[in-house]
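If you're matching them up, the sequences are chains L and E in order. The first sequence lines up with residues 48 to 413 when you count with the numbering used here. The second sequence lines up with residues 11 to 293 when you count with the numbering used here.
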Amino acid sequence: MAKVVLHEVTKKFGDVTAVDRLDLKVEDEEFIVLVGPSGCGKTTTLRMVAGLEEVTQGEIYIGERPVIDIPPKDRDIAMVFQNYALYPHMSVYDNIAFGLRMRKVPNREIDKRVRQVAELLGIADKLKRKPKALSGGECQRVAVGRAIARHPEVFLFDEPLSSLDAKLRVVMRAELQALHQELKTTTIYVTHDQAEAMTLGNRVAVMRDGVMQQYDNPQTVYNNPVTMFVAGFMGSPAMNFFPVRLTGEEGRLYVVNSGFKLKVPQDKTGKLEGYLGREVVFGLRPENLKTPEMAHDHNPEATLEARVRARAPLGDELLIHAETGGVELVARLTPQTEVAIGQRIALVAEMEFMHIFDKDTEEAVC
Amino acid sequence: MVKKKRLLNNAATYGMLLLWALIVLFPLYWVVTTSFKEIGDVFRGPRYIPWVDFIPTTEWWYNIWTVQRRMLLGPVFNSLVIATSSSLFAVIFGTMAAYGLERFRFKFGHMKNKDILLWIVSQRVMPPVITALALFIMFHFAGLLDTKLALIFVYIAAHTPIAVWMMTNFISQLPISIEEAALVDGASRVQVFFRIVLPMVAPSIAVTFLLCFIFAWNEFLLALMLTGGRTQTLPLLIAAQHFQRGPQWWDISVLVTISIIPAIILVVSLQRYLIKGLIPIGK
């Protein structure tokens, strides 16, 4: 096992900067997730760690070793690809054994390890099959098996679950988690799925346009996003954003727009004083908007009115899309809530979970 | 109604296919039947159906097999050696070049990969007669005239472009991540080529080999320029029948029939790969 360090790593394709001075430190035995929309540079970053992509500038260390001049085969890493990338002309057994054979592991040891891995992943009865005769989930297990059989220093996963259907994805996610618990191999995992990032990572690195936005444990990233981008990207449905003005009356702060006037809790006012009278962006997650019955509270200074435009009953929850002051919002309500489209409803904002972002820099103020 | 229409459609389709098959197969049929005709039947107007129009004879086949066997065996052997070995090397070089052109970036003067590929293929576009004289002089000085080696060299040069072009197309369809997986798994580039890429493109290699083989097997002009009595190939032998002894259609037909056989054997034995090689590679 080893730690992985990226120091000021930059990757350019011609004039396009895919990754911009990225600093990333992955501790030994840690499972980190690189997450972001497509084109954010997360896969390029992973491929640079693997050695499949040259580094334009900067240094990468695996363990204590600088690796940018070392070919992939000597980096002691294993990678799982999005489309599995199994060798189509080899049986499952040979697929798993290939890396070991390349490293001249004795045959008896290869056999032992292949069978161990197959047992662990539940594909022991498929060893003689060719990849073509396997289902998507089985292919995925073989791809993972091929990676773990080698006992590498670092695992690299490139969107390994994105070709699976939703149900299987959840199962495989849990399996990967359990696997990491058992093997404790340092892992870098790339995904565009924020739910996957939240569930799998010890830490999550959110990327956008080649720049790392935030790198922290999933709960912190969710609760305290440092930019509007992170706030909007993590969480589904996304955080509601309202353009508001910060006003002050008798030592109290309010966020005000044409649809509502909400009081800012006392403990948040300190950081906001510099923004008094200015336009800012007020953010609130859908689960922090409640009906007065749910909130057991009808504080008028925390209540806004909205007109329901659509409702999406999901069984365990009810999402409503509504409009207030010309802005769309989403609220996550209990399924028992009775609302009709077109109806005006009162929503209580849990202001202790509010976020304020600078309108120009999009950075979080509080 | 719908059923009737479909039936009619099918009938039309199969009718067209049948017509096309007749057009394609008729010359073959004519050659094969002619090889079983008496001299009189050959010259006395068209005779189509054995035992109805004419009484078949095996005389010419017997003749080739006994009296003229020595005349036949030499050229057949020459053609086999030359076509097989030249196609083999053309496919080996072609596959390697294609892999290089598909997976690495080259700059040769102002030419990049696409230009280099076009340049290689353009060698084949040029009519071979342009180079024939130059090749004759070159091989004369090299002392290689009337050797199998001369034709093998020339055919390798002539068919490598086809192989490069075809294999580039096939290799470009391989998902690159499989090779990357092998690189990460600990394979070197050379190992990736031989252990991962070659098995995956085996069907395409079979197709390419077959095409090169047929070209080499049928080639006439360069063989005429560069060979002599010792290295005569089958197409030359067939043509020579006419030039040396007048239009002896019966002997020519026997030889033509024999000359088609290797191609048929190849196609039948490679059929499994041919179908795979001609359709895009899947998963």
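For each residue, glycine too, the CB sits at the ideal point set by N, CA and C.
Alpha carbon of L:Gly86 to alpha carbon of L:Val374, nearest angstrom: Within the first sequence, residue 86 of chain L is the residue found at index 39, counting from 1. Within the first sequence, residue 374 of chain L is the residue found at index 327, counting from 1. Straight-line Cα distance between these residues: approximately 29 Å.
Partners in chain L for E:Glu69, counting only beta-carbon separations shorter than 7 Å: Position 59 of the second sequence, counting from 1, holds the residue named residue 69 of chain E. Scanning chain L for C-beta atoms nearer than 7 Å to the C-beta of E:Glu69 yields nothing, as the closest lies near 51 Å away.
Nearest-angstrom beta carbon gap, L:Gly362 and L:Pro382 [assumed within contact, 8 Å]: Taking the first sequence and counting its residues from 1, the one referred to as residue 382 of chain L is at position 335. Taking the first sequence and counting its residues from 1, the one referred to as residue 362 of chain L is at position 315. The Cβ separation is near 7 Å, so the contact holds.
Pairwise C-alpha distance: E:Ala233 and E:Gln242: Along the second sequence, read from residue 1 onward, the residue named residue 242 of chain E stands at position 232. Along the second sequence, read from residue 1 onward, the residue named residue 233 of chain E stands at position 223. Using only the alpha carbons, I get a separation of about 8 Å.
Beta carbon proximity, E:Gln183 to chain L, threshold 8 Å: Counting from 1 along the second sequence, the entry for residue 183 of chain E is found at position 173. Chain L, which has no Cβ nearer than 8 Å to the Cβ of E:Gln183, makes this no.
8 Å CB neighbourhood of L:Pro113 in its chain, flanking five on each side removed: Position 66 of the first sequence, counted from the start, is the residue given in the question as residue 113 of chain L. The beta carbon of L:Pro113 sits closer than 8 Å to the beta carbons of Glu106, Ile107 from its chain, once the five residues preceding and following it are set aside; these are given in chain order.
Cβ-based neighbour list, L:Arg216, same chain, cut-off 7 Å, excluding 5 preceding and 5 following: For the purposes of this step, residue 216 of chain L is taken as residue 169 along the first sequence, with counting starting at 1. Within the same chain, and ignoring the five residues on either side of L:Arg216 in sequence, the residues whose Cβ sits closer than 7 Å to its Cβ are Leu208.
Chain-ordered chain E contacts of L:Asn130 [CB-CB under 8 Å]: Taking the first residue of the first sequence as position 1, residue 130 of chain L is located at position 83. In chain order: Pro185, Ser187.
Outcome for E:Tyr39 when other beta-carbon atoms lying within 10 angstroms are tallied against a minimum of 16: Sequence index remark: in the second sequence, residue 39 of chain E carries index 29 (1-based). Here E:Tyr39 is exposed, its C-beta having fewer than 16 other C-beta atoms within 10 Å.
Three-pair Cβ contact test at 8 Å for the stretch 253 to 269 of chain E versus the stretch 181 to 189 of chain E: Contact between the stretch 253 to 269 of chain E and the stretch 181 to 189 of chain E is absent, because fewer than three Cβ pairs lie under 8 Å.
Residue-level contact to chain L via CB, E:Leu193, 8 Å cutoff: As a working mapping, residue 193 of chain E is identified with position 183 in the second sequence. Closer than 8 Å: yes.
Nearest residue (CA-CA) to E:Gly104, options E:Ser269, E:Leu27, E:Phe180: Within the second sequence, the letter at position 94 stands for residue 104 of chain E. The option with the nearest alpha carbon to E:Gly104 is E:Phe180.
Under the three-state DSSP convention, the category E:Ile291 falls into: Residue 291 of chain E sits at position 281 when you count from the first residue of the second sequence. The predicted model places E:Ile291 with a pLDDT of 45, which falls under 50 and marks its position as unreliable; any figure quoted below should be read in that light. DSSP places E:Ile291 in coil when its eight states are reduced to three.
Cutoff 8 Å: E:Gly25 Cβ touching any chain L Cβ: Here residue 25 of chain E refers to the residue found at position 15 when the second sequence is read from its first residue. No, because no Cβ of chain L sits closer than 8 Å to the Cβ of E:Gly25.
Chain E contact for L:Arg391 (CB, 8 Å cutoff): The sequence position of residue 391 of chain L within the first sequence is 344, counting from 1. For L:Arg391, the answer is no, since every Cβ of chain E falls outside 8 Å of its Cβ.
Segment limits, alpha helix (DSSP H) that includes E:His252: Here residue 252 of chain E is taken as the residue at index 242 of the second sequence, counted from 1. Boundaries of the alpha helix (DSSP H) harbouring E:His252: 244 to 255, taken from the DSSP string.
Short Cβ contact (8 Å threshold) for L:Val191 with L:Val251: The residue labelled residue 191 of chain L in the question sits at position 144 within the first sequence. The residue labelled residue 251 of chain L in the question sits at position 204 within the first sequence. Cβ distance not < 8 Å, so L:Val191 and L:Val251 don't count as in contact.
Assigned secondary structure, L:His198 (DSSP; H/G/I helix, E/B strand, else coil): The count along the first sequence starts at 1 and reaches residue 198 of chain L at position 151. Taken through DSSP and simplified to helix, strand or coil, L:His198 comes out as coil.
Span separating the alpha-carbon of L:Ala285 from that of L:Pro265: Indexing the first sequence from 1 puts residue 285 of chain L at position 238. Indexing the first sequence from 1 puts residue 265 of chain L at position 218. Rounded to whole angstroms, L:Ala285 to L:Pro265 spans 15 Å at the Cα level.
Cα-Cα separation, L:Glu206 to L:Leu81: Translated into positions along the first sequence, residue 206 of chain L becomes position 159. Translated into positions along the first sequence, residue 81 of chain L becomes position 34. Computed Cα separation, rounded: 10 Å.
Residue range of the beta strand (DSSP E) that includes L:Asn354: The residue labelled residue 354 of chain L in the question sits at position 307 within the first sequence. The sequence shown places Arg at residue 354 of chain L, rather than the Asn named in the question. For L:Arg354, the enclosing beta strand (DSSP E) stretches over residues 350 to 360.
Bounding residues of the beta strand (DSSP E) (the contiguous stretch that carries L:Leu67): Here the question's residue 67 of chain L lines up with position 20 in the first sequence. It should be noted that the sequence gives Asp, not Leu, for residue 67 of chain L. Taken as a continuous stretch (DSSP letters only), the beta strand (DSSP E) holding L:Asp67 covers 63 to 73.
Cross-chain neighbours of L:His136 in chain E, by beta carbon under 7 Å: Taking the first residue of the first sequence as 1, we reach residue 136 of chain L at position 89. For L:His136, the residues of chain E that pass the 7 Å Cβ criterion are Pro209, Met210, in the order they occur in the chain.
Cβ-based burial, L:Gly248 [other Cβ within 10 Å; buried from 16]: As a first step, residue 248 of chain L is located in the first sequence; it is residue number 201 there, counting from the start. When all chains shown are included, L:Gly248 counts as buried.
8 Å Cβ cutoff met for L:Ala353 and L:Leu376: Position 306 of the first sequence, counted from the start, is the residue given in the question as residue 353 of chain L. Position 329 of the first sequence, counted from the start, is the residue given in the question as residue 376 of chain L. In contact: L:Ala353 and L:Leu376 (Cβ atoms closer than 8 Å).
CB contact below 8 Å: E:Glu112 versus chain L: Stepping through the second sequence from its first residue, residue 112 of chain E is reached at position 102. Taking CB atoms only, E:Glu112 has no neighbour in chain L less than 8 Å away.
L:Pro290, enclosing beta strand (DSSP E) - first and last residue: Here residue 290 of chain L is taken as the residue at index 243 of the first sequence, counted from 1. Per DSSP, L:Pro290 belongs to the beta strand (DSSP E) from 287 to 296.
For L:Leu421, the nearest candidate out of L:Val218, L:Arg155, L:Leu147, L:Tyr131 (CA to CA): The structure shown does not extend to residue 421 of chain L, since chain L is modelled only from 48 through 413, so no value can be given for it.
Rounded Cβ spacing between L:Lys59 and L:Thr91 (contact assumed at less than 8 Å): Looking up residue 59 of chain L in the first sequence gives position 12. Looking up residue 91 of chain L in the first sequence gives position 44. The Cβ separation is near 10 Å, so there is no contact.
E:Ile140 burial status per 10 Å Cβ neighbour count (16 or more: buried): Here residue 140 of chain E refers to the residue found at position 130 of the second sequence. In summary, E:Ile140 is exposed, with fewer than 16 beta-carbon neighbours lying within 10 Å of its beta-carbon over all protein chains present.
C-alpha distance - L:Gly279 paired with L:Val412, whole-angstrom precision: Taking the first sequence and counting its residues from 1, one reaches residue 279 of chain L at position 232. Taking the first sequence and counting its residues from 1, one reaches residue 412 of chain L at position 365. When rounded, the separation of the alpha-carbon atoms in L:Gly279 and L:Val412 is 15 Å.
For E:Arg16, the three-state DSSP class (helix, strand or coil): On the second sequence, position 6 is the one that residue 16 of chain E refers to. E:Arg16 falls in the helix class under three-state DSSP.
Rounded separation between L:Gln129 and E:Glu112 - CA only: Numbered from 1 along the first sequence, position 82 holds the residue referred to as residue 129 of chain L. Numbered from 1 along the second sequence, position 102 holds the residue referred to as residue 112 of chain E. L:Gln129 and E:Glu112 have their alpha carbons spaced roughly 22 Å apart.
Where E:Glu48 falls: helix, strand or coil (DSSP): For the purposes of this step, residue 48 of chain E is taken as the residue at position 38 of the second sequence. Coil at E:Glu48, not helix or strand.
Beta-carbon separation (whole angstroms), L:Leu351 vs L:Ile403, contact threshold 8 Å: Locating residue 351 of chain L in the first sequence gives position 304, where the first residue counts as 1. Locating residue 403 of chain L in the first sequence gives position 356, where the first residue counts as 1. With a Cβ gap of about 16 Å, L:Leu351 and L:Ile403 do not count as contacting.
Within chain E, partners of L:Pro119 - CB distance below 7 Å: Within the first sequence, residue 119 of chain L is the residue found at index 72, counting from 1. Within chain E, the residues placing a beta-carbon under 7 Å from that of L:Pro119 are Leu193, Val194, ordered along the chain.
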